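Comments concern the structure below.
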DNA sequence: GTAACTGCAAAATATTTGCATCCTT
DNA sequence: AAGGATGCAAATATTTTGCAGTTAC
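Protein chains in written order, with our numbering: chain A, 237 to 376; chain B, 237 to 376.
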């Protein structure tokens, strides 16, 4: 099951290290976006803060993960879909933040809407963040 | 012309101080969102960082300004429309970030779209951030 | 063996808190 | 006069940088 993760690293010309494998697997196991602090927690504080910063930055540059806009100052990261790559992200899908369980979830299947802008404005990409109650919390 | 600004403070039961008047007028004069650092610059470094933090926080709580989601970790603030108040923000309008001039602009008149969510999800509010080229930069 | 990755130390930056003083009402 | 607002000092948290040792290839 590590194979998929190893493949991702190799495809991006990154050395396969224990650290990177673990961080990537955190993203795969959790169906939600993770912050720097989340990863620190998940690791049991076993790897360096600096390494986490650098790993996340590398992953973003390679298009393996993407950042998610948040209204507070917290930076969240989530796995990109397959068709993202170095230099070109296609992360303009909808993000959902649940106010009950506080998870940030990528709704990869919900396409960002087309929006009519005022005269003169040209849109490159549209990011949508929806706050509300997620499926799991509604069923409780 | 300070009258409008003074009114806003009084309506929110806040003391009218020079500091607050200046910070509020920065928002009114600039047709764009401001960060903590922007305000520090605009003030000519004449008021304390801490005061800026506390003033912005107070304004957000009172519904005078709102934060804008950004993909990096920078926190941006912009004036709310009149119908925002303590506890209830209506800041679910579209925000536009120009990749040329780097301004973040509230498009108050562009309504957030209705988005079809998967079964089980309930949306409270929808925030949209569009990256692209703004009117001014397109006309150059 | 070499280039890339990691961890430690330390610097730089950002944010929060406590408290004494000053200003608004 | 009283409560709120400010500024300073300091504590805390976050992010970046440099460098030496280690690891992947």
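Don't be surprised by glycine CBs; every beta carbon is placed ideally from N, CA and C. As the structure is a computational prediction, the values presented were derived from the model and not from experiment.
Whole-angstrom distance between residue j and residue i, CA atom to CA atom
{"i": "residue 262 of chain B", "j": "residue 341 of chain A", "result": "36 Å"}
{"i": "residue 280 of chain A", "j": "residue 294 of chain A", "result": "22 Å"}
{"i": "residue 309 of chain A", "j": "residue 275 of chain A", "result": "17 Å"}
{"i": "residue 300 of chain A", "j": "residue 244 of chain A", "result": "8 Å"}
{"i": "residue 240 of chain A", "j": "residue 264 of chain A", "result": "10 Å"}
{"i": "residue 362 of chain B", "j": "residue 291 of chain B", "result": "26 Å"}
{"i": "residue 364 of chain A", "j": "residue 346 of chain A", "result": "10 Å"}
{"i": "residue 351 of chain A", "j": "residue 287 of chain B", "result": "38 Å"}
{"i": "residue 302 of chain B", "j": "residue 277 of chain A", "result": "30 Å"}
{"i": "residue 328 of chain A", "j": "residue 343 of chain B", "result": "19 Å"}
{"i": "residue 375 of chain B", "j": "residue 246 of chain A", "result": "45 Å"}
{"i": "residue 306 of chain B", "j": "residue 367 of chain A", "result": "15 Å"}
{"i": "residue 255 of chain A", "j": "residue 316 of chain A", "result": "19 Å"}
{"i": "residue 270 of chain A", "j": "residue 360 of chain B", "result": "22 Å"}
{"i": "residue 296 of chain B", "j": "residue 242 of chain A", "result": "45 Å"}
{"i": "residue 268 of chain A", "j": "residue 248 of chain A", "result": "23 Å"}
{"i": "residue 337 of chain B", "j": "residue 312 of chain B", "result": "15 Å"}
{"i": "residue 339 of chain A", "j": "residue 285 of chain B", "result": "32 Å"}
{"i": "residue 334 of chain B", "j": "residue 369 of chain B", "result": "5 Å"}
{"i": "residue 252 of chain A", "j": "residue 304 of chain A", "result": "26 Å"}
{"i": "residue 273 of chain B", "j": "residue 314 of chain B", "result": "14 Å"}
{"i": "residue 257 of chain A", "j": "residue 266 of chain A", "result": "14 Å"}
{"i": "residue 289 of chain B", "j": "residue 373 of chain B", "result": "31 Å"}
{"i": "residue 330 of chain B", "j": "residue 238 of chain B", "result": "28 Å"}
Residue span of the alpha helix (DSSP H) that contains residue i, given as start and end
{"i": "residue 250 of chain A", "result": "Taken as a continuous stretch (DSSP letters only), residue 250 of chain A belongs to no alpha helix (DSSP H), as it is neither H nor E."}
{"i": "residue 269 of chain A", "result": "First-last for residue 269 of chain A: undefined, no H or E at that position."}
Span of the beta strand (DSSP E), counted from its first residue to its last, around residue i
{"i": "residue 293 of chain B", "result": "Counting along the chain, residue 293 of chain B falls outside any beta strand (DSSP E), though it belongs to the alpha helix (DSSP H) covering 285–298."}
{"i": "residue 359 of chain A", "result": "358–369"}
Supposed close pair residue i, residue j - CB separation, criterion 8 Å
{"i": "residue 250 of chain B", "j": "residue 298 of chain B", "result": "7 Å"}
{"i": "residue 283 of chain A", "j": "residue 357 of chain B", "result": "About 34 Å separates the two Cβ atoms, so there is no contact after all."}
{"i": "residue 349 of chain A", "j": "residue 371 of chain B", "result": "Residue 349 of chain A to residue 371 of chain B, Cβ: 21 Å. No contact."}
Sheet register partners of residue i (DSSP bridge)
{"i": "residue 314 of chain A", "result": "A/302"}
{"i": "residue 342 of chain A", "result": "A/331"}
{"i": "residue 241 of chain A", "result": "In the DSSP output, where bridge partners are listed per residue, residue 241 of chain A has none listed."}
Of the residues that make up the stretch 361–374 of chain B, which ones have a beta carbon closer than 7 Å to any beta carbon in chain A? 361, 362, 363, 364, 365, 366, 367, 368, 369, 370, 371, 374
Residues of the stretch 296–316 of chain B with a CB closer than 9 Å to any CB of chain A: list them in chain order, please. 302, 303, 304, 305, 306, 307, 308, 309, 310, 311
The stretch 265–298 of chain A: positions lying closer than 9 Å to chain B by Cβ: none
Against chain B: residues of the stretch 332–346 of chain A by CB proximity under 8 Å: 332, 335, 343, 345, 346
Between the stretch 238–268 of chain B and chain A, which residues of the former have CB atoms less than 8 Å from a CB of the latter, in chain order? none
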